[in-house]
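Oh and the sequence shown: position 4 is 3 in numbering that gives the first Met the number 0, straight run, nothing missing.
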Amino acid sequence: MFTGLVEGVGELIERKPTSGGFRLRIGTRPGDFTGPIPEDGKGWGYQLEGFVSYRVYEALSVGIGGRYWYMQTRGLTHFENHIVGFTAVPQVVEWKTHNFGVFLQGSLKLGPYALISSN
(Lines of atoms letter the chains of each structure in order from A and count residues from 1; the text may use other names and numbers.)
(Lines give C-alpha, C1' and ligand atoms only; values in the text may rest on other atoms or scores of the structure.)
Protein backbone atom coordinates (compact mmCIF):
# COMPACT_ATOMS: atom_id res chain seq x y z
CA MET A 1 0.00 0.00 0.00
CA PHE A 2 1.30 3.46 -0.88
CA THR A 3 -0.10 6.65 0.56
CA GLY A 4 0.89 10.15 -0.46
CA LEU A 5 0.12 13.67 0.64
CA VAL A 6 0.62 16.99 -1.08
CA GLU A 7 -0.36 19.84 1.16
CA GLY A 8 -0.31 23.59 0.62
CA VAL A 9 0.69 25.57 3.67
CA GLY A 10 -0.90 28.66 2.11
CA GLU A 11 -0.12 32.05 3.53
CA LEU A 12 2.32 32.21 6.40
CA ILE A 13 2.20 35.15 8.76
CA GLU A 14 4.86 35.43 11.43
CA ARG A 15 5.19 37.82 14.34
CA LYS A 16 7.84 37.01 16.91
CA PRO A 17 10.51 38.61 19.04
CA THR A 18 13.91 37.30 17.99
CA SER A 19 17.60 37.95 18.22
CA GLY A 20 17.77 38.12 14.41
CA GLY A 21 20.62 35.62 14.18
CA PHE A 22 23.13 37.67 16.18
CA ARG A 23 23.93 37.88 19.87
CA LEU A 24 22.05 40.65 21.66
CA ARG A 25 23.85 42.79 24.19
CA ILE A 26 21.05 43.98 26.43
CA GLY A 27 21.85 46.87 28.71
CA THR A 28 21.62 50.61 29.32
CA ARG A 29 24.81 51.84 27.61
CA PRO A 30 24.55 53.62 24.23
CA GLY A 31 24.39 51.05 21.44
CA ASP A 32 22.96 48.31 23.68
CA PHE A 33 19.65 46.70 22.84
CA THR A 34 16.71 47.19 25.17
CA GLY A 35 15.55 43.57 24.72
CA PRO A 36 14.45 41.20 21.96
CA ILE A 37 14.02 42.79 18.53
CA PRO A 38 10.53 42.18 17.08
CA GLU A 39 10.19 40.87 13.53
CA ASP A 40 7.17 40.39 11.31
CA GLY A 41 6.79 38.75 7.96
CA LYS A 42 4.44 37.32 5.39
CA GLY A 43 5.27 34.39 3.13
CA TRP A 44 4.33 30.99 1.80
CA GLY A 45 5.44 27.37 1.78
CA TYR A 46 4.56 23.80 0.95
CA GLN A 47 5.03 20.27 2.27
CA LEU A 48 5.41 17.02 0.32
CA GLU A 49 5.15 13.65 2.02
CA GLY A 50 5.25 10.03 0.88
CA PHE A 51 4.85 6.80 2.84
CA VAL A 52 5.16 3.08 2.07
CA SER A 53 3.88 0.44 4.47
CA TYR A 54 4.08 -3.36 4.61
CA ARG A 55 1.64 -5.59 6.45
CA VAL A 56 3.73 -8.19 8.33
CA TYR A 57 0.71 -9.88 9.94
CA GLU A 58 -2.98 -9.07 9.83
CA ALA A 59 -2.62 -6.90 12.94
CA LEU A 60 0.96 -5.63 12.47
CA SER A 61 2.40 -3.34 9.81
CA VAL A 62 5.61 -1.34 9.44
CA GLY A 63 6.47 1.51 7.13
CA ILE A 64 8.95 4.15 6.07
CA GLY A 65 8.32 7.60 4.72
CA GLY A 66 9.90 10.85 3.74
CA ARG A 67 8.98 14.50 4.08
CA TYR A 68 10.15 17.73 2.45
CA TRP A 69 9.07 21.17 3.67
CA TYR A 70 9.89 24.53 2.06
CA MET A 71 9.01 27.90 3.51
CA GLN A 72 9.99 31.50 2.79
CA THR A 73 9.02 34.89 4.15
CA ARG A 74 9.84 38.57 3.74
CA GLY A 75 9.27 41.14 6.44
CA LEU A 76 10.84 43.73 8.70
CA THR A 77 13.08 43.68 11.76
CA HIS A 78 11.88 46.55 13.94
CA PHE A 79 14.95 48.21 15.47
CA GLU A 80 13.10 51.47 16.23
CA ASN A 81 13.02 52.24 19.98
CA HIS A 82 15.12 49.12 20.70
CA ILE A 83 18.67 50.57 20.63
CA VAL A 84 19.79 52.76 23.55
CA GLY A 85 20.84 56.27 22.47
CA PHE A 86 20.22 55.81 18.74
CA THR A 87 17.38 56.43 16.32
CA ALA A 88 16.86 53.31 14.22
CA VAL A 89 14.61 52.34 11.34
CA PRO A 90 13.08 48.97 10.36
CA GLN A 91 15.31 46.69 8.27
CA VAL A 92 14.05 44.37 5.52
CA VAL A 93 14.68 40.70 6.28
CA GLU A 94 14.14 37.61 4.13
CA TRP A 95 14.58 33.95 5.00
CA LYS A 96 14.04 30.57 3.37
CA THR A 97 14.16 27.12 4.87
CA HIS A 98 14.35 23.63 3.36
CA ASN A 99 13.63 20.74 5.74
CA PHE A 100 14.08 17.08 4.84
CA GLY A 101 13.14 14.14 6.97
CA VAL A 102 12.79 10.36 6.99
CA PHE A 103 10.56 8.54 9.45
CA LEU A 104 9.71 4.98 10.44
CA GLN A 105 6.32 3.84 11.65
CA GLY A 106 4.87 0.72 13.22
CA SER A 107 1.19 -0.05 13.56
CA LEU A 108 -0.51 -2.63 15.76
CA LYS A 109 -4.26 -3.23 15.45
CA LEU A 110 -5.95 -4.07 18.74
CA GLY A 111 -9.20 -5.96 18.71
CA PRO A 112 -10.41 -9.34 17.58
CA TYR A 113 -7.24 -9.96 15.52
CA ALA A 114 -4.65 -12.46 16.63
CA LEU A 115 -1.12 -11.06 16.54
CA ILE A 116 0.19 -14.13 14.65
CA SER A 117 -2.18 -16.06 12.46
CA SER A 118 -2.01 -19.86 12.49
CA ASN A 119 -2.97 -20.06 8.77
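By construction, the Cβ of each residue, glycine as well, lies at the ideal position given by its N, Cα and C atoms.
{"query": "Cβ neighbours of THR33 in the same chain (closer than 8 Å, five flanking residues each side left out)", "result": "ILE25, ASN80, HIS81, ILE82 and VAL83"}
{"query": "Distance cut-off 7 Å: GLY100 Cβ against heavy atoms of the ligand ATP", "result": "Although the ligand ATP was asked about, the structure shown includes no ligands whatsoever."}
{"query": "Buried or exposed (CB count within 10 angstroms, at least 16 for buried), THR27", "result": "exposed"}
{"query": "Reduced DSSP secondary structure (H/G/I, E/B, other) of ASN98", "result": "strand"}
{"query": "Neighbourhood of PRO89 by C-beta distance below 8 Å, restricted to the same chain and skipping five residues each side", "result": "LEU75, THR76, HIS77, PHE78 and GLU79"}
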